[in-house]
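Numbering (this note's numbering), first residue to last: 1095 to 1406. By construction, the Cβ of each residue, glycine as well, lies at the ideal position given by its N, Cα and C atoms. Below is one structure, written out as structure tokens; the observations come after it.
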């Protein structure tokens, strides 16, 4: 019988690719608040169960005897201005989802070997030119607080003898979701470019490498604690824009001033589009993980040519 892996957020950009990556060797249980939609999205790779993302209800039986839980759930930080209600939703979704997983682990007779907790490079805040490793302290921004609280709550599984790995993920590049399709929209119209000075650091990882790294953490028993899921070669935003242009054979020359974006989107841009995060995956590389796409130019070329699908 295959080992069981329970995945929350399985219908998201990373979650879908992770189900494809893992289904060859594992029994996948996908938890979703909309089981019917989830079955359409990942039903080929996973058994879908309904959950309310707040309580350890009937789905918690799947945690008993599972090999791993991968928690990728949480309200998106994108998609609209950060009103107080939006910010409350972002925070509460991560607190409640993670808390329900901890409760399920606590109640399981046969505990999972590992919990993989989704986090983000937003943990560090905007830090200019500073090189950031897993040992760097957290920032003092809203997203820093969100990441820190999620990791802290997830850490409670360790008192039950369960290994925890927190994945501080950068901007995941692929064509099925995430930032890249939006970033590429202006290029066919010869309007490609960057936001702000273009000097802000952009920590990225290909979708393929992101799901391979998660699998690596699931399958390597001695790895615990925080791990930066980013390429070892971050780039500044202007370089990213120019690399997209070269991949699409279009120029990148338009610079949108930061204050214009701030007027439209509000202060959230200072923690997202204008944030500078020069993050290095030191612990992942020290553990022996090998990136398929460590260089931005080659990664974008593979993505736009359809060679990087986040699965085998």
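CA-to-CA distance, residue 1119 to residue 1157, given in whole angstroms: For this step, residue 1157 is matched to residue 63 along the chain shown. For this step, residue 1119 is matched to residue 25 along the chain shown. Between residue 1157 and residue 1119, the C-alpha separation is close to 18 angstroms.
Secondary structure of residue 1076, DSSP reduced to three states: Any property of residue 1076 remains undetermined from this structure, which presents the chain solely from 1095 to 1406.
Proximity below 8 angstroms, CB of residue 1209 to CB of residue 1258: Taking the first residue of the chain shown as position 1, residue 1209 is located at position 115. Taking the first residue of the chain shown as position 1, residue 1258 is located at position 164. Yes. Within cutoff.
DSSP-derived helix/strand/coil call for residue 1263: For the purposes of this step, residue 1263 is identified with residue 169 of the chain shown, where counting begins at 1. Reduced to three states, the DSSP call for residue 1263 is strand.
Residue interval of the alpha helix (DSSP H) (run including residue 1187): Stepping through the chain shown from its first residue, residue 1187 is reached at position 93. Here the alpha helix (DSSP H) through residue 1187 covers 1178 to 1201.
Stretch-stretch touch, CB-based, cutoff 8 angstroms, three pairs: the stretch 1305 to 1317 with the stretch 1346 to 1360: no
Same chain only: Cβ atoms within 7 angstroms of residue 1326, ignoring 5 sequence neighbours per side: Numbered from its first residue, the chain shown carries residue 1326 at position 232. Around residue 1326: 1374, 1375, 1379, 1385 and 1388.
Residue 1233 (DSSP reduced to helix, strand or coil): Sequence index remark: in the chain shown, residue 1233 carries index 139 (1-based). Coil.
Three-pair Cβ contact test at 8 angstroms for the stretch 1172 to 1184 versus the stretch 1128 to 1135: no
Cβ-Cβ distance between residue 1217 and residue 1242 below 8 angstroms: For the purposes of this step, residue 1217 is taken as the residue at position 123 of the chain shown. For the purposes of this step, residue 1242 is taken as the residue at position 148 of the chain shown. In contact: residue 1217 and residue 1242 (Cβ atoms closer than 8 angstroms).
Straight-line Cα distance separating residue 1394 from residue 1291: In the chain shown, residue 1291 corresponds to position 197, counting from 1. In the chain shown, residue 1394 corresponds to position 300, counting from 1. Spanning the two alpha carbons is a distance of roughly 22 angstroms.
8 angstroms CB neighbourhood of residue 1355 in its chain, flanking five on each side removed: Position 261 of the chain shown, counted from the first residue, corresponds to residue 1355. Excluding sequence neighbours, residue 1355 sits near 1289, 1290, 1363, 1367 and 1368.
Simplified DSSP state of residue 1352, which is helix, strand or coil: On the chain shown, residue 1352 is found 258 positions in, with the first residue counted as 1. The answer is helix: DSSP assigns residue 1352 an H, G or I state.
Alpha carbon of residue 1406 to alpha carbon of residue 1112, nearest angstrom: Translated into the one-based positions of the chain shown, residue 1406 becomes position 312. Translated into the one-based positions of the chain shown, residue 1112 becomes position 18. Model confidence at residue 1406 stands at a pLDDT of 47, short of 50, so the residue's coordinates are unreliable and nothing is read from them.
Validate contact between the stretch 1320 to 1335 and the stretch 1219 to 1228 using beta carbons, cut 8 angstroms, 3 pairs: yes
Per-residue DSSP class, three states only, for residue 1405: As a working note, residue 1405 is residue 311 in the chain shown. Note that residue 1405 has pLDDT 47, beneath the 50 cutoff, so the model's placement of it is unreliable and the number below is only indicative. DSSP places residue 1405 in coil when its eight states are reduced to three.
4 or more residues per run - each alpha helix (DSSP H) lying fully within the stretch 1104 to 1171: 1107 to 1116 and 1129 to 1136
Spatial neighbours of residue 1200 in its chain, beta-carbon cut-off 7 angstroms, leaving aside the 5 residues before and after: For the purposes of this step, residue 1200 is taken as the residue at position 106 of the chain shown. Correct list, in chain order: 1254.
Residue 1276, buried or exposed, once every other Cβ within 10 Å from all chains shown has been counted against 16: Residue numbering aside, residue 1276 sits at position 182 when the chain shown is read from its first letter. Flag for residue 1276 reads exposed.
Through-space distance from residue 1330 to residue 1269, alpha-carbon basis: Position 175 of the chain shown, counted from the first residue, corresponds to residue 1269. Position 236 of the chain shown, counted from the first residue, corresponds to residue 1330. C-alpha separation (whole angstroms): 21 angstroms.
Buried or exposed by the 16-neighbour rule on C-beta atoms within 10 Å, applied to residue 1168: The count along the chain shown starts at 1 and reaches residue 1168 at position 74. Burial call: buried.
For residue 1173 and residue 1099, the rounded distance between their alpha carbons: Within the chain shown, the letter at position 5 stands for residue 1099. Within the chain shown, the letter at position 79 stands for residue 1173. Those two C-alpha atoms are separated by around 29 angstroms.
Cβ distance (whole Å) where residue 1338 is taken to contact residue 1286 below 8 angstroms: If you number the chain shown from 1, residue 1338 lands on position 244. If you number the chain shown from 1, residue 1286 lands on position 192. That pair is a contact at about 6 angstroms.
Nearest residue (CA-CA) to residue 1129, options 1143, 1121 and 1138: Residue mapping note: residue 1129 aligns to position 35 of the chain shown, counting from 1. Of the candidates 1143, 1121 and 1138, the one whose C-alpha sits nearest the C-alpha of residue 1129 is 1143.
Burial state of residue 1293, where buried means 16 or more other Cβ atoms lie within 10 Å: Here the question's residue 1293 lines up with position 199 in the chain shown. It counts as exposed.
Complete alpha helix (DSSP H) runs within the stretch 1268 to 1349 (minimum length 4 residues, chain order): 1274 to 1278, 1301 to 1313 and 1331 to 1342
Secondary structure of residue 1392, DSSP reduced to three states: The residue you call residue 1392 lines up with position 298 of the chain shown. Of the three classes helix, strand and coil, the one that applies to residue 1392 here is helix, per DSSP.
Whether residue 1215 touches residue 1371 by CB criterion (8 angstroms): The residue labelled residue 1215 in the question sits at position 121 within the chain shown. The residue labelled residue 1371 in the question sits at position 277 within the chain shown. Yes, they are a contact pair.
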